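Colleague: Going by numbering that gives the first Met the number 0, the first residue of the sequence shown is number 0, and it counts up by one from there. Idealized CB from N, CA, C, for every residue including glycine. Keep in mind it's a predicted model, so treat the numbers as computed, not measured.
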Amino acid sequence: MQGKFRWPEGVRCVALLSVDFDGPSHEIGRKLRPLGINSWGRYSGRRGVPRYLDLFEKHSIPATFFVPGYDAECYPEVVKDIQRRGFEVAAHGYLHEGWALGDEEKELLTRTHDILAGLLGQAPVGWRSPSGRKTARTMRVLKELGYRYDSSDKDYDLPYMARIDGERRTDMVEIPNNTYSLDDFPWFKFSMTPPSEVLEQWRREFDSLYRENGYFMLTFHPRSGWGSGIPSRAKAIEEMIRYIRQHDGVRFFSIAGLADWCLANHDHFE
Ligand SMILES: [Zn+2]
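(1) Under three-state DSSP, which class holds Gly-125?
(2) At which residue ranges does the segment 91-166 contain complete beta strand (DSSP E) runs of 3 or more residues, listed in the order of the chain?
(3) For Arg-168, does the three-state DSSP call read helix, strand or coil?
(4) With distances taken between CB atoms, is the gap from Ala-258 to Arg-147 smaller than 8 Å?
(5) So which residues put a beta carbon under 6 Å from any heavy atom of ligand 1, going in chain order?
(6) Between the beta-carbon of Met-160 and the beta-carbon of Lys-142, is there less than 8 Å?
(7) Compute the beta-carbon to beta-carbon distance between Thr-17 and Thr-178, rounded to the nearest angstrom, for a pair I have assumed lies under 8 Å.
(8) Pull up the DSSP beta-bridge partners for Thr-218, would you.
(9) Based on the DSSP secondary-structure assignment, which residues constitute the bridge partners of Phe-252?
(10) For Arg-127, does the count of other Cβ atoms within 10 angstroms reach 16, so buried, or fall short, so exposed?
(11) From the DSSP output, which residues share a beta bridge with Ala-89?
(12) Use the C-beta contact count for Ile-36: other C-beta atoms within 10 angstroms, 16 or more gives buried, fewer gives exposed.
(13) Using alpha carbons as the reference points, say which of Lys-133, Ile-174, Ala-99 and Val-78 lies closest to Gly-120.
(14) Check Glu-237 in the structure and name its three-state DSSP category.
(15) List the DSSP bridge partners of Glu-204.
(16) Would Phe-251 and Ala-89 qualify as a contact pair, given that the criterion is a beta-carbon distance under 8 Å?
(17) By DSSP's criteria, Glu-72 is part of a beta bridge. Which residues make up the other side?
(18) Measuring alpha carbon to alpha carbon, tell me which of Pro-7, Gly-40 and Trp-186 ends up nearest His-25.
(19) Is Glu-56 near Arg-84, with beta carbons less than 8 Å apart?
(20) Thinking C-alpha only, which one of Ala-71, His-220, Met-138 and Thr-109 is nearest Arg-162?
(21) In the DSSP assignment, what residue or residues form a beta bridge with Glu-173?
(22) Whether or not the segment 191-203 and the segment 95-114 are in contact is what I'm after, with contact meaning three or more pairs of Cβ atoms, one per stretch, closer than 8 Å; do they touch?
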């Protein structure tokens, strides 16, 4: 355990499941027609997200869905269903901009913010950068829009209070994620690892984190192709949920739920 940090009473380890919707926005943003070989993203809205909603409901666990604005425009009923079934919807770019943004950054962040707020009647409180890119102004704009957390950084293995222009904030928190070993993308995109081996790796990651700070966040994508929307890979996620559940003192949180707890207890975090 590090410093004066602590989890809620009785909690040994927090577990977070984060789903990056990554629908056709991913292809459109790269100037590809989302048809044929480039239609992987459409699987998210049609099959992957409904499958995950059933899975999370079956196990009664909270989860957070990061949704690009364009995908919310393509699949409004699916995104509304995420909220209606009690899960968190957070923002994830407009066209999943996986490139350096210039002056258009504020306009793009605001556009997706307004799309999600208009669709759901409730503004998102969390944001995750598509592809992890941020600029010096990103956090400032998010703060102006009322966000309470960012989940893009990779520089710590616990949540910590966000810094904006060098100042430690007590009204915004960073909830870091690990997009190499606790994400499906590298395993299925680059190393073509079978789901059974990915599951074994995730179990080992969990074991290490459970022994250390007890902060475990898994990120996966409901796409076909390099995502985990298809049954065999969704099954590995279900087996991971069962594995986590076998451990004492684990509590699942939505990211907004954990962020709010961290903000209320900011003295205990860096
Ligand atoms: Zn993404």
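Modeller: So, from the data block:
(1) For the purposes of this step, residue 125 is identified with residue 126 of the sequence shown, where counting begins at 1. Gly-125 falls in the strand class under three-state DSSP.
(2) 159-163
(3) Within the sequence shown, the letter at position 169 stands for residue 168. DSSP places Arg-168 in strand when its eight states are reduced to three.
(4) The residue given as residue 258 occupies position 259 in the sequence shown. The residue given as residue 147 occupies position 148 in the sequence shown. Going by C-beta atoms, Ala-258 is nearer than 8 Å to Arg-147.
(5) Asp-19, Asp-21, His-91, His-95 and Pro-129
(6) What you label residue 160 is simply residue 161 of the sequence shown in a count that begins at 1. What you label residue 142 is simply residue 143 of the sequence shown in a count that begins at 1. Their beta carbons are not under 8 Å apart, which means Met-160 does not touch Lys-142 by this criterion.
(7) Against the sequence shown, residue 17 aligns to sequence position 18. Against the sequence shown, residue 178 aligns to sequence position 179. Checking the displayed sequence, the identity of residue 17 turns out to be Ser instead of Thr. Between Thr-178 and Ser-17 the Cβ distance is about 10 Å, and since that is not below 8 Å, they are no contact.
(8) Start at 1 with the first residue of the sequence shown, and residue 218 comes out as number 219. Beta-bridge pairing links Thr-218 to Ser-17 and Asp-182.
(9) Taking the first residue of the sequence shown as 1, we reach residue 252 at position 253. Bridge partners of Phe-252: Leu-15.
(10) Stepping through the sequence shown from its first residue, residue 127 is reached at position 128. Burial call: buried.
(11) On the sequence shown, position 90 is the one that residue 89 refers to. According to DSSP, Ala-89 bridges with Phe-65.
(12) In the sequence shown, counting from the first residue as 1, residue 36 sits at position 37. By the neighbour-count rule (16 or more Cβ atoms within 10 Å), Ile-36 is not buried but exposed.
(13) The sequence position of residue 120 within the sequence shown is 121, counting from 1. Comparing Cα-Cα distances from Gly-120 to each of Lys-133, Ile-174, Ala-99 and Val-78, the minimum goes to Val-78.
(14) As a position in the sequence shown, residue 237 is number 238, starting the count at 1. Reduced to three states, the DSSP call for Glu-237 is helix.
(15) Indexing the sequence shown from 1 puts residue 204 at position 205. Note: Glu-204 sits in no beta bridge, so no partner.
(16) Within the sequence shown, residue 251 is the residue found at index 252, counting from 1. Within the sequence shown, residue 89 is the residue found at index 90, counting from 1. It is not a contact, given that the beta carbons lie outside the stated cut-off.
(17) Numbered from 1 along the sequence shown, position 73 holds the residue referred to as residue 72. DSSP output for Glu-72 lists no bridge partner at all.
(18) As a working note, residue 25 is residue 26 in the sequence shown. The shortest C-alpha separation from His-25 is found at Gly-40.
(19) By 1-based counting over the sequence shown, the position of residue 56 is 57. By 1-based counting over the sequence shown, the position of residue 84 is 85. In this structure, Arg-84 lies closer than 8 Å to Glu-56 by Cβ.
(20) As a position in the sequence shown, residue 162 is number 163, starting the count at 1. Answer by Cα proximity: Met-138.
(21) To locate residue 173, count along the sequence shown from 1; it is residue 174. DSSP lists Asp-149 and Tyr-159 as partners of Glu-173.
(22) no
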